[in-house]
Each structure stands twice: as structure tokens, then as C-alpha cells.
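S.K.: Line order of the protein sequences matches chains A and B.
Those letters in the first sequence? Residues 1 to 308, by UniProt numbering.
Those letters in the second sequence? Residues 1 to 308, by UniProt numbering.
Glycine is no exception: its CB is placed at the ideal position from the N, C-alpha and C atoms.
Quick one: structure below, then a few questions.
Protein chains: 2
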Amino acid sequence: MKIGLDVGGTKTDAVAVDAGGTIIGRVRLATGWGPEAVTGTVLAAVRALGADAGVDVTAIDSVGIGIPGQVEPGTARVVHAVNLGVDELDLAAAVGPVLGVPVRAENDVKAAAFGAYALHGGSGSMAYLNLGTGIAAGVVSDGKLWRGARGTAGEVGHISVDPGGPLCRCGQRGCIEAFAGGGAIAERWNRPGSLPIRDVFDAADEGDGFARELRSGLARGVAAAVRVLVLTADVDTVVLGGGVTALGARLMADVGAELAASAEASPFMRSLHLEERVELLPAGSPAAALGAALIGAARDPEGVLAHG
Amino acid sequence: MKIGLDVGGTKTDAVAVDAGGTIIGRVRLATGWGPEAVTGTVLAAVRALGADAGVDVTAIDSVGIGIPGQVEPGTARVVHAVNLGVDELDLAAAVGPVLGVPVRAENDVKAAAFGAYALHGGSGSMAYLNLGTGIAAGVVSDGKLWRGARGTAGEVGHISVDPGGPLCRCGQRGCIEAFAGGGAIAERWNRPGSLPIRDVFDAADEGDGFARELRSGLARGVAAAVRVLVLTADVDTVVLGGGVTALGARLMADVGAELAASAEASPFMRSLHLEERVELLPAGSPAAALGAALIGAARDPEGVLAHG
Chain A
1 MKIGLDVGGT KTDAVAVDAG GTIIGRVRLA TGWGPEAVTG TVLAAVRALG ADAGVDVTAI
61 DSVGIGIPGQ VEPGTARVVH AVNLGVDELD LAAAVGPVLG VPVRAENDVK AAAFGAYALH
121 GGSGSMAYLN LGTGIAAGVV SDGKLWRGAR GTAGEVGHIS VDPGGPLCRC GQRGCIEAFA
181 GGGAIAERWN RPGSLPIRDV FDAADEGDGF ARELRSGLAR GVAAAVRVLV LTADVDTVVL
241 GGGVTALGAR LMADVGAELA ASAEASPFMR SLHLEERVEL LPAGSPAAAL GAALIGAARD
301 PEGVLAHG
Chain B
1 MKIGLDVGGT KTDAVAVDAG GTIIGRVRLA TGWGPEAVTG TVLAAVRALG ADAGVDVTAI
61 DSVGIGIPGQ VEPGTARVVH AVNLGVDELD LAAAVGPVLG VPVRAENDVK AAAFGAYALH
121 GGSGSMAYLN LGTGIAAGVV SDGKLWRGAR GTAGEVGHIS VDPGGPLCRC GQRGCIEAFA
181 GGGAIAERWN RPGSLPIRDV FDAADEGDGF ARELRSGLAR GVAAAVRVLV LTADVDTVVL
241 GGGVTALGAR LMADVGAELA ASAEASPFMR SLHLEERVEL LPAGSPAAAL GAALIGAARD
301 PEGVLAHG
């Protein structure tokens, strides 16, 4: 049995997966802040799978951990997980001796891509486009995660699509993330409220001009990312996930309209059938935790995970 | 021994490659127009390798053909090779019986990518960015060509990077190809001359405002394509080739300045070291013909050529 964890900025999702790939237990708990608390969260999640989900935790063969930071391939060494207060943490050293099984980590977007691919049937090619505070994608083809040469594979958020667009935190203008990143939109909106993107959508519906601009920028950025992924990696499907996709059908309608407009203008874009190739990861999907479990259990990480 | 041909719009480059991968003979001849003439060109090129380059054409094991059109993977069935006057042509059926060896074709940019990768040492990851009439790229990683799901892998030319940019022949505005495609620049320049891109560079040097605009758009488009390839596929190296690269150091200086400007503006872009990762395919490089030879000789095209 393999365990997979998706350690998010606020919550940690943990699943137990049997030999056939079926999720046999799942728990969610709050994520701690800082290296020690994150380590504690991982151990607590595994314990909770036993205590709360009835998983036989003596039968664990491997643990895989998806985490929002950079991970050295094939290891559990995490750096720059800034949303977790972690500058550097070797999760294998921190939790391996306690759990007594191999521990491997992976960047959370890449883990989600791998899990979404498995949930989608595990064949062909797919990009998972994460719409959260920032924007990044993971590409999986023929069961292999595209890792790239230097750790920037899927960093489509920092492709500029408009030299006159908003300034991105990266220093460029008109990055996809400056248009469509949840963080960038919330910062530009800059009004009180715990769900700023939903507030922008609501205000746009009520006719607020600035909200309309932000909302159309979001659709424009997501559509641009979809085009980049299909025109560069030619993935069959682009699956949208991440916090911003909580807007569900409202977001999909906007993105679909944006893709339809470019198909209307361009026979070439029309031939790509982009609208049909974009899907939404269902709310509450265990994709990231499942992907982490599969990556953690891979016998030959270098074989499973192509290096781009 | 394997034969590789790069059937271009005006010239065909043919090489003979020994078992160790070394080019042991090379000829170039004019390409015919239309399916029959293209077939004749292929046969004439193989004969010329024997007659003019001293290659023992009785010892040929395979023929691979790079051609500017769409090719069904693992076959020699070419469609829409418009620059050759070919709507549809099965090169295996047309020349296989005469040559008596397996014949396989590949899109010319993908063949060039595969050959450039081999010439570059055959390890790591590389994108070959072809700057010709149009703009397209081929990505090779760990010895595998990224083919994609539906034949649009590497079609970075039709990613829009400026909604206020020039109209592209594809119908969109501000496509990379609308800025940097040799055809688009020549059309916008629209003055007599057999080397329009060189004329634009010369006129820009002489202070012509419109030429300066076109020339800076070319650098901007190429730099955008490099960023897209590194931020999506995270290739180690981007190799520039194709007719427009005849401008050599003048083009590279412009592209380098454009990449340096974005590195100046953005610490993130600076961390990518893009300037150091862009290279120019040497003038007269046999990359495309060599790549065609290697693809033609691959025992398991489905294994060698990843399907994205």
C-alpha cells in the first residue's frame, strides 16, 4: 500500500492507495507552518489515515509527498516552499526513520498533474494547469511526467502575452500570471473580502467596470496558457485545477468564450478544437495526493519521470 | 548504411551515414515541383550519392526523408507539402520499390531537430527553432523527438504575444510568426529585392524607421519563442536554424539584446540564463538530412519518437 500527501498552504490531503491504484482511505487536516510543523503534519496525516480512515498503517510500502516548492528529482529534499514557511527541508530524513519506508517528494503541481493523468485514464497526453495564487502547469505524456532540464518545465505563468499588460511580480509586463494568477488579481482588486476572485466575478456581473476588466483578463490569461500548452507540447487535454477553479462553471464559461473568439478569428485555432480539449478537475479531487502516492511508489523515479 | 534527405522548397540535401553515425557522403541538388518531380528528386539524390559522392548505393539499409509537410508518424505519407506542390504523396510507395529498402518520412523541422540534437552530442534536451518563411520548433529530449498528440507540437509560431501586434496569416494578431516569420516580414516590407530580410537589416542600419520596426519585431518574436520553449518544455538549449539565420551574428546580436533586456527587467528571467542557452546552427549544417537518416533507420519509430 502506498500513501500520498498533498501538503497545501492551509490544508493537507492524504490518501492510501492499494496495489490496484484504488484510493482506500482519505483524510484532510490543517497544515502547520515551518519545517518542524510541516514534518509534524506529515506524520499526523499518516497516523490519521490509520485512526480515522481505518487504513492498516503497518502495511505501508512508500510515502510520496506533493509540496509547493522545488524538489530535487528522485529525493524528498524541498527548497523554497515559501507558502509553508520552509526554506529547506529533507522530508526523507525528517519522517523516513519514523515511518520506516521510502519517502519521496515532488512539486505539488507536478504531483497533481500525475494524479490527474491517472484519474483521467492514464493514457495519451495531458497538461494540468494549476490556477492558484500563481500559475504553473505539469505535462504528462505516455505515463511520464515532463520534468525539464532545469526545473522550469510548465512555468507558463511567466510567458508574456501582452507588452502593455499589467506588471507581473516577476518584473515582466503582461505575463499570463499577471492576468490570471489569483494573487495578482486579488492584489489589483484590493478590496476587503475573503474570496477576492469570487467577489470580482460577482462585481463584474453587477456591472463594475474594473471587475469586468479583471475578469476578462483572467479568461484571457487562462486561454493563452491553454494555447501555449497545446501549441508547444501538443497535449490532448488541458485539465484546469487549483483554488481559482472553485468558480467552476462561471470560470469555464469565460474561458470557453475566449477560446471560441480566437477560433472565430482564426481557422488554424479553430482546427485545434481547444474548447473541447479543456476540462475542469472536479472540486475536491484527490489528484495531487494520488499523484504523490504514485510518484512515491515508483521503483525507478528516473524512468518514470522523464527529465525533459 | 543509411541515407537521409532534406527535401527543401528549392534544394534537396542528401547524406549517407555509416553505422557509427558519421556522414560519409553528401550531395545537394535542385528540388522538383509536384509529386512526380519530388519523387524524381529523391531518386536522383540517391543516385548522385553514388555517382558524385562515391557512396556504395548497393549497401543502403534505409532511407529517411525530411519534408516540409505533415507526415503520418512512422510512415512516408506526406500531406500538405504546399511549398513543393504536393497535396498528398506516399514516398514509401513512390520510391520504396525502386530503392528496395524501407523508406520513412518526417516533417522537415522535426528531422532538423533530431539531427541538430545528434550533432550537439545527443544528450540532454534541445529545441530546434526554425526561422524560415514560417516559424516552428522541434523538441528532442533524452534522444526522443516530442511529436505531440495531434501534430501541433512545436507550433510556437502561432502563439500570440501582443494583442496589438500585426495580423498573422492564421487570423490572429501578434503571433510570433507575424513578428518574426520571414514570409510575414517580407510581405510587410514589400519592396523589390531577392533577400528581403537582409534588406530590412541593411535599411535599419541606415536609419529607415519602418525597417527598424520590422527588425526589432523579428528579435522580439524570436526571443518570445525562446522564452516559450524554455518556460514550457524547459529545454537546456534552443538552437536557431532556417533561412532567416543566414543573417548570422547580426540576428544573434539582436536576439541577445532582446533577451538581455528582459533579464534586466526580471530577476526570474535573469535566473534562466537564456542568452547562454541560445545557439545558432552553423551555415550549411547537414542537421535536417542527418536527422532524416537517423529517423529513417530507427528500428522502432514508435519507441524512438515519443508521442507527446
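With a threshold of 8 Å on Cβ separation, who are the neighbours of A/Gly-164 within its own chain once the five nearest residues in sequence on each side are excluded?
M.R.: One-based indexing of the first sequence puts residue 164 of chain A at position 164. Correct list, in chain order: Arg-173 and Gly-174.
S.K.: Suppose the cutoff is 8 Å on Cβ atoms and the five residues either side in sequence are ignored; what does the same chain contact list for B/Arg-28 look like?
M.R.: Position 28 of the second sequence, counted from the first residue, corresponds to residue 28 of chain B. If we look at B/Arg-28 and ignore the five residues flanking it on each side, its Cβ neighbours are Lys-11, Thr-12, Asp-13 and Ala-14.
S.K.: Based on the DSSP output, what are the partners of A/Val-7 in its beta bridges?
M.R.: Reading the first sequence from its first residue, position 7 is the one you call residue 7 of chain A. In DSSP, A/Val-7 forms a bridge with A/Thr-12.
S.K.: Along the segment 245–270 of chain B, where does the CB come closer than 8 Å to a CB of chain A? Name the residues.
M.R.: Of all residues in the segment 245–270 of chain B, Ser-262, Ala-265, Ser-266, Pro-267, Phe-268 and Met-269 have a Cβ within less than 8 Å of some Cβ in chain A.
S.K.: Report yes or no: is there a C-beta of chain A within less than 8 Å of the C-beta of B/Pro-163?
M.R.: Against the second sequence, residue 163 of chain B aligns to sequence position 163. Taking Cβ atoms only, chain A reaches closer than 8 Å to B/Pro-163, which makes this a yes.
S.K.: Let's see if you can read the secondary structure: which residues bound the beta strand (DSSP E) around B/Trp-146?
M.R.: Your numbering for residue 146 of chain B matches position 146 in the second sequence. Residues 144–146.
S.K.: Closer than 8 Å is the cut-off here; do at least three beta carbon pairs connect the segment 91–100 of chain A with the segment 34–49 of chain A?
M.R.: Because the criterion of three Cβ pairs below 8 Å is met, the segment 91–100 of chain A and the segment 34–49 of chain A touch.
S.K.: Consult DSSP for residue 320 of chain A and reduce its assignment to one of helix, strand or coil.
M.R.: Because chain A in this structure spans residues 1 to 308, residue 320 of chain A falls outside the shown range and cannot be described.
S.K.: Looking at the structure shown, is A/Leu-281 part of a helix, part of a strand, or coil, going by DSSP?
M.R.: Stepping through the first sequence from its first residue, residue 281 of chain A is reached at position 281. Here A/Leu-281 sits in coil by DSSP.
S.K.: Relative to the C-alpha of A/Val-226, which residue among A/Asn-130, A/Val-109, A/Gly-248 and A/Asp-61 is closest?
M.R.: Stepping through the first sequence from its first residue, residue 226 of chain A is reached at position 226. Minimum Cα distance to A/Val-226 is reached at A/Asn-130.
S.K.: Just to make sure I have the definition right: I need the residues of chain A whose C-beta is within less than 7 Å of the C-beta of B/Arg-227. Which are they?
M.R.: Translated into the one-based positions of the second sequence, residue 227 of chain B becomes position 227. Residues of chain A passing the Cβ test: Ile-159.
S.K.: Between which two residues does the beta strand (DSSP E) carrying B/Gly-138 extend?
M.R.: Here residue 138 of chain B refers to the residue found at position 138 when the second sequence is read from its first residue. First-last of the beta strand (DSSP E) with B/Gly-138: 135–141.
S.K.: Distance, Cα to Cα, A/Gly-154 vs B/Ala-246?
M.R.: The count along the first sequence starts at 1 and reaches residue 154 of chain A at position 154. The count along the second sequence starts at 1 and reaches residue 246 of chain B at position 246. Approximately 32 Å, taken between the alpha carbons.
S.K.: Quick one: list the residues of chain A neighbouring B/Asp-236, beta-carbon separation under 8 Å, in chain order.
M.R.: To locate residue 236 of chain B, count along the second sequence from 1; it is residue 236. Ordered by position in chain A, the residues that pass the 8 Å Cβ test against B/Asp-236 are Ala-149 and Arg-150.
S.K.: Decide if the segment 249–268 of chain B is in contact with the segment 279–298 of chain A; the criterion is three or more beta carbon pairs, one per stretch, under 8 Å apart.
M.R.: Too few Cβ pairs lie closer than 8 Å, so no.
S.K.: How many Å lie between A/Asp-142 and B/Ile-295 at the Cα?
M.R.: As a working note, residue 142 of chain A is residue 142 in the first sequence. As a working note, residue 295 of chain B is residue 295 in the second sequence. Rounded to the nearest angstrom, the two C-alpha atoms are 20 Å apart.
S.K.: DSSP beta-bridge partners for B/Met-269?
M.R.: Counted from its first residue, the second sequence places residue 269 of chain B at position 269. Answer is none; B/Met-269 lacks a bridge partner.
S.K.: I'd like the ranges of any beta strand (DSSP E) spanning at least 3 consecutive residues and lying wholly in the segment 9–76 of chain B.
M.R.: If we require 3 residues or more, the beta strand (DSSP E) runs fully inside the segment 9–76 of chain B come out as 11–17, 23–30 and 62–67.
S.K.: A/Thr-232 and B/Val-228: beta carbons closer than 8 Å?
M.R.: Within the first sequence, the letter at position 232 stands for residue 232 of chain A. Within the second sequence, the letter at position 228 stands for residue 228 of chain B. Closer than 8 Å, so yes.
S.K.: Quick one: Cα of B/Lys-2 to Cα of B/Ala-76, how far?
M.R.: Within the second sequence, the letter at position 2 stands for residue 2 of chain B. Within the second sequence, the letter at position 76 stands for residue 76 of chain B. The alpha-carbon atoms of B/Lys-2 and B/Ala-76 are separated by roughly 16 Å.
S.K.: If I measure Cβ to Cβ from A/Ala-186 and keep anything under 6 Å in the same chain, skipping five residues before and after, which residues do I get?
M.R.: As a first step, residue 186 of chain A must be located in the first sequence, where it is residue number 186. Closer than 6 Å at the Cβ level, and outside the excluded window around A/Ala-186, lie Pro-196.
S.K.: Whose Cβ in chain A lies nearer than 7 Å to the Cβ of B/Gln-172?
M.R.: Residue 172 of chain B sits at position 172 when you count from the first residue of the second sequence. Going along chain A in sequence order, the residues near B/Gln-172 (Cβ under 7 Å) are Ser-262, Ala-265, Ser-266 and Met-269.
S.K.: Mind listing, in chain order, the continuous beta strand (DSSP E) runs of no fewer than 3 residues lying wholly within the segment 140–224 of chain A?
M.R.: List check, beta strand (DSSP E) in window: 144–146.
S.K.: A/Val-7 and A/Ile-65 look like a contact to me (Cβ under 8 Å); what is the Cβ gap, rounded to whole Å?
M.R.: Here residue 7 of chain A corresponds to residue number 7 of the first sequence, with the count starting at 1. Here residue 65 of chain A corresponds to residue number 65 of the first sequence, with the count starting at 1. Contact holds; Cβ gap of about 6 Å.
S.K.: Measure the CB-CB distance between B/Val-140 and B/Ser-125 and report whether it falls below 8 Å.
M.R.: Here the question's residue 140 of chain B lines up with position 140 in the second sequence. Here the question's residue 125 of chain B lines up with position 125 in the second sequence. Cβ distance < 8 Å, so B/Val-140 and B/Ser-125 count as in contact.
S.K.: Kindly indicate which residue of A/Asp-18, A/Gly-134 and A/Glu-72 has the alpha-carbon position closest to the one of A/Val-57.
M.R.: Translated into positions along the first sequence, residue 57 of chain A becomes position 57. For A/Val-57, the nearest C-alpha among the options comes from A/Asp-18.
S.K.: Mark B/Pro-286 as exposed unless 16 or more other C-beta atoms lie within 10 angstroms of its C-beta, in which case mark it buried.
M.R.: As a working note, residue 286 of chain B is residue 286 in the second sequence. B/Pro-286 is buried by the Cβ-count criterion.
S.K.: Leaving out the 5 sequence neighbours to the left and right, which residues in its chain are closer than 8 Å to A/Gly-303 when beta-carbon positions are compared?
M.R.: The residue given as residue 303 of chain A occupies position 303 in the first sequence. With a pLDDT of only 44 at A/Gly-303, under the threshold of 50, the placement of this residue in the model should not be trusted; the figure read from the coordinates follows. Closer than 8 Å at Cβ, skipping near neighbours: no residue.
S.K.: On the criterion of 16 or more Cβ atoms from any shown chain inside 10 Å, does B/Thr-39 qualify as buried, or is it exposed?
M.R.: Taking the first residue of the second sequence as 1, we reach residue 39 of chain B at position 39. With 16 or more other Cβ atoms within 10 Å, it is buried.
S.K.: Please decide whether B/Val-82 counts as near chain A, where near means a Cβ-Cβ distance under 8 Å.
M.R.: Position 82 of the second sequence holds residue 82 of chain B. Judged by the 8 Å Cβ criterion, B/Val-82 is not in contact with chain A.
S.K.: Measure how close the beta-carbons of B/Ala-127 and B/Val-238 come, nearest whole angstrom, since I'm counting them as under 8 Å.
M.R.: Start at 1 with the first residue of the second sequence, and residue 127 of chain B comes out as number 127. Start at 1 with the first residue of the second sequence, and residue 238 of chain B comes out as number 238. Correct: roughly 5 Å between the Cβ atoms.
S.K.: Which stretch, first to last residue, makes up the beta strand (DSSP E) that contains A/Asp-90?
M.R.: To locate residue 90 of chain A, count along the first sequence from 1; it is residue 90. Counting along the chain, the beta strand (DSSP E) containing A/Asp-90 begins and ends at 86–90.
S.K.: Below 6 Å CB to CB, which residues in the same chain sit around A/Gly-217 once its five sequence neighbours on both sides are set aside?
M.R.: Numbered from its first residue, the first sequence carries residue 217 of chain A at position 217. The residues are Phe-179.
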